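Written below as structure tokens is the structure these notes are about.
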Amino acid sequence: GRCGGFGAFLKTDTGYHRAGVDVVRDPARGVALATRLSAAASLDFRGIYSHSGHAYAASSREEAAAISDQECRAAAAFAQRLADAGVACPVISVGSTPACAAADKFPGVTEIHPGNYTFYDRQQVAVGGCQEGDVGVTVLTRVIGHYASHMLCDTGSLAVSKDVAPQDQAFGAVAGHALLLQSVSQEVGKLVVAGTMAAPNPADYPVGTLLQIVPNHSCLTAACHPVYYVVEDGKVIDAWHPCRGW
Numbered sequence: 002g003r004c005g006g007f008g009a010f011l012k013t014d015t016g017y018h019r020a021g022v023d024v025v026r027d028p029a030r031g032v033a034l035a036t037r038l039s040a041a042a043s044l045d046f047r048g049i050y051s052h053s054g055h056a057y058a059a060s061s062r063e064e065a066a067a068i069s070d071q072e073c074r075a076a077a078a079f080a081q082r083l084a085d086a087g088v089a090c091p092v093i094s095v096g097s098t099p100a101c102a103a104a105d106k107f108p109g110v111t112e113i114h115p116g117n118y119t120f121y122d123r124q125q126v127a128v129g130g131c132q133e134g135d136v137g138v139t140v141l142t143r144v145i146g147h148y149a150s151h152m153l154c155d156t157g158s159l160a161v162s163k164d165v166a167p168q169d170q171a172f173g174a175v176a177g178h179a180l181l182l183q184s185v186s187q188e189v190g191k192l193v194v195a196g197t198m199a200a201p202n203p204a205d206y207p208v209g210t211l212l213q214i215v216p217n218h219s220c221l222t223a224a225c226h227p228v229y230y231v232v233e234d235g236k237v238i239d240a241w242h243p244c245r246g247w
């Protein structure tokens, strides 16, 4: 690489088919592009990057692990093609949350990017990437009203996003209670009893009751908040401030 140049990676498609050069079907095209990047005076070619987003469609951990293995082997094989063409490829980066969570070996690569493994979420539970007890983030909400069809809370789309969970099409679930966040508007959300979809008993949840909502997609949920409070044994022990901007 060249000191002072813009660091550049070649986005490769190893099976997801969303973006990047398809290095399985047309590796020669990938080699040609990597060669141009490596030769560019203003760039420092760092390596290749792949995202196994198709692991989200896996029906089991075994299937997700197989997708991870295929991705690793495809990326490593392409990196070898680059080496054979005289193009140095220092970094071979692969991964997605469900693929990395299911695999324990990553043959031939130098780096994995396992997505939201720091927090996990209900989406990861649904695809078998983790268990419910592994989810490490919730959104604190307050009960603000009771109605015939639902219980109202002060958590809306600006607090949890509008991603729904594949297991129930809800916008979140309440930790420790059989309650689902059935719908959200910008600032508030409707909570119902899981299964019956009926309004919760007001006597069980007086106005002002604090509840914790387990998010469907922790990446988008975390992006909604300027600070993350770290809780241990019911007490806040730290506050983390995320980096913002691009």
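Going by the numbering used here, the letters in the sequence shown line up with residues 2 to 247, in that order. Even glycine gets a Cβ: it sits at the ideal position worked out from N, Cα and C. Keep in mind it's a predicted model, so treat the numbers as computed, not measured.
Would you call the region 119-132 and the region 175-182 touching, i.e. three or more CB-CB distances under 8 Å?
no
Cβ of Asp23 within 8 Å of any heavy atom in the ligand SAH?
Only the bare structure without any ligand can be found here, which leaves the ligand SAH out of the picture.
Output the distance between the C-alpha atoms of Lys1 and Ala40, rounded to the nearest integer angstrom.
What the structure shows of the chain is the stretch from 2 to 247, and residue 1 is not part of that stretch, so it cannot be assessed.
Taking DSSP as the reference, what is the three-state secondary structure of Phe79?
Reading the sequence shown from its first residue, position 78 is the one you call residue 79. Reduced to three states, the DSSP call for Phe79 is helix.
Between Pro227 and Asp239, what straight-line distance do the alpha-carbon atoms span, to the nearest angstrom?
For the purposes of this step, residue 227 is identified with residue 226 of the sequence shown, where counting begins at 1. For the purposes of this step, residue 239 is identified with residue 238 of the sequence shown, where counting begins at 1. Approximately 14 Å, taken between the alpha carbons.
Given that a residue counts as buried once 16 or more other Cβ atoms are within 10 Å of its Cβ, and exposed if not, what is Asp122?
On the sequence shown, residue 122 is found 121 positions in, with the first residue counted as 1. Buried is the call here.
Residue of Met152, Leu159, Val161, Tyr230 minimising C-alpha distance to Leu192:
Here residue 192 corresponds to residue number 191 of the sequence shown, with the count starting at 1. Closest in alpha carbon position to Leu192, among Met152, Leu159, Val161, Tyr230, is Met152.
Based on DSSP bridge pairs, tell me the residues matched to Thr156.
Working through the sequence shown from its first residue, we reach residue 156 at position 155. According to DSSP, which records beta bridges pairwise, Thr156 is partnered with nothing at all.
Given a threshold of 16 other Cβ atoms within 10 Å of its Cβ, counted over all protein chains shown, does Gln183 qualify as buried or as exposed?
What you label residue 183 is simply residue 182 of the sequence shown in a count that begins at 1. Buried: at least 16 other Cβ atoms inside 10 Å.
Which residues mark the beginning and the end of the beta strand (DSSP E) in which Gly31 is found?
In the sequence shown, residue 31 corresponds to position 30, counting from 1. Here Gly31 belongs to no beta strand (DSSP E); instead the alpha helix (DSSP H) covers 28-40.
Should Pro91 be labelled buried (16 or more other beta-carbon atoms within 10 Å of its own) or exposed?
Taking the sequence shown and counting its residues from 1, the one referred to as residue 91 is at position 90. By the 10 Å Cβ count, Pro91 comes out exposed.
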